[in-house]
Each structure stands twice: as structure tokens, then as C-alpha cells.
Amino acid sequence: MGHETMTPATTTLVFTYGTLKRGFSNHVLMQDLIRSGDASFKGVYQTLDKYPLVCGPYRVPFLLNKPGSGYHVNGELYAVSPRGLSRLDELEGISRGHYIRQPIRLAAAEEEEEEEGDLETEAPSSCVVEAYYAHKSYEEELWRRNRGRSFGAYTENEARGYVKRNDRPQHLSFLDHIRIFVSSPCD
Numbered sequence: 125m126g127h128e129t130m131t132p133a134t135t136t137l138v139f140t141y142g143t144l145k146r147g148f149s150n151h152v153l154m155q156d157l158i159r160s161g162d163a164s165f166k167g168v169y170q171t172l173d174k175y176p177l178v179c180g181p182y183r184v185p186f187l188l189n190k191p192g193s194g195y196h197v198n199g200e201l202y203a204v205s206p207r208g209l210s211r212l213d214e215l216e217g218i219s220r221g222h223y224i225r226q227p228i229r230l231a232a233a234e235e236e237e238e239e240e241g242d243l244e245t246e247a248p249s250s251c252v253v254e255a256y257y258a259h260k261s262y263e264e265e266l267w268r269r270n271r272g273r274s275f276g277a278y279t280e281n282e283a284r285g286y287v288k289r290n291d292r293p294q295h296l297s298f299l300d301h302i303r304i305f306v307s308s309p310c311d
């Protein structure tokens, strides 16, 4: 069965700011989606508004829906098919209360040299797209646990100490890990 061609009417633009970016552990999913025709890289973007980007348990990155706090967050923009969006929603635990997907306003950042060579169409200079935010059920506690400190980009430095999902204690759920993290003393 062939894949339908992605068109602007059938795609969703998604902003990635953490482990889905090039060079990080979950980017393999984006590569799979690109290979299957379910995603295409659109460019390097930055949030128009400031947002807190923080790390939670195991150095997992979380964007907090607190416009006006934090920094202009840097990330990557992808156009994804409905099938690709479903796979991203599954990874981000949308149905399990891990993250929520909501709109965010972006502006194009200065272009980087293209690694994957799949910038298929001209991307907009500014746009409203979808982003994965920390779920409301723990967002405020995560912000307090980080003492109101955030960063503008998830880099190798912020990712130092990141633990892949399969390497975390399996007898606890993702939300259990978050509850333990937010109730533990700050570093």
C-alpha cells in the first residue's frame, strides 16, 4: 500500500525542541517518518514569545505553557502527515496525560547548514504550529521544582544525564517518575 503525498491540507506543522531534534535520542523517529514520507524538515525556528524550557526526571525536556516567562526557545519545524502526527502523539503520551499538544507562534531562525537535505518547500518566516507542552496536571510543580529557571535550547549540555525510556525503572510509570521528581529536593 503506497503513501499518499503530503499536502499542506493534510499536514500538521510541529515544533520540536528536545529529544526529537537532530542529534538527540528520539530523532530516530523523525528520520523514520521522513523516510516513509510522513514528515519533512522545514527549518530551524524559535518561539515568538518567551517560554520556560526545563528538564524533568532523567533530563527529559518539557516546554511549559507559560508565555512571557523563560526564553525564546530554539527548535526544529517539521511538517507531518496524519500518520506521523499519530506516532508523535504516541511517543509524547498524549492519551496518557504526559504532554499536551497546543498551538505556539514561531519565527524562522537563522538557517543552519542542512544535514538531511530534505527541505522540500519554502518554509514560512513566521507561523502558528503545534508543540508538545508539559501536561497541566504537573506543569506548575515542574516549574517550582526548577526554581523558575529555564533555558532557551535543549543542547548537549542540558541533555547530559538523559536516560532513555527503556533504561529507566520499568515498574514506575512516566507520571510516577514526574511525581517523584517534583517532590524531591532541588539540586
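With my numbering, the residue at position 159 of the sequence shown is 283, and numbering never jumps. Cβ coordinates follow ideal geometry from the N, Cα and C atoms, glycine included. In this text, all values refer to a predicted model and were calculated from it rather than measured experimentally.
Check, Outcome
"Does the separation of the CB atoms of residue 231 and residue 210 fall below 8 angstroms?", "no"
"Quick test of the definition: if touching needs 3 or more C-beta pairs under 8 angstroms, does the region 171-189 touch the region 215-229?", "yes"
"Is there contact here, the region 248-265 with the region 151-163, by at least three beta-carbon pairs under 8 angstroms?", "no"
"On the criterion of 16 or more Cβ atoms from any shown chain inside 10 Å, does residue 179 qualify as buried, or is it exposed?", "buried"
"According to DSSP, is residue 206 part of a helix, a strand, or is it coil?", "helix"
"Counting C-beta neighbours from all protein chains within 10 Å, is the total for residue 304 16 or more, i.e. buried, or is it exposed?", "exposed"
"So, for residue 292: in the same chain, excluding its five sequence neighbours on each side, which residues have a beta-carbon less than 7 angstroms away from its beta-carbon?", "182 and 301"
"Residues in the same chain with beta-carbon distance under 6 angstroms from residue 267, minus the five sequence neighbours each way, listed in chain order, please.", "188"
"From the DSSP secondary-structure annotation, give me the bridge partner or partners of residue 140.", "200"
"Here's a check: name, in chain order, each residue in its chain whose Cβ is nearer than 7 angstroms to the Cβ of residue 314, leaving out the five neighbours to either side.", "What is shown of the chain runs 125 to 311, which leaves residue 314 out entirely."
"Between residue 139 and residue 212, what straight-line distance do the alpha-carbon atoms span, to the nearest angstrom?", "11 angstroms"
"Throw me the rounded Cβ distance for the residue 262 and residue 185 pair, which I believe falls under 8 angstroms.", "Contact doesn't hold; Cβ gap of about 14 angstroms is too wide."
"What is the DSSP secondary structure of residue 229, reduced to helix, strand or coil?", "strand"
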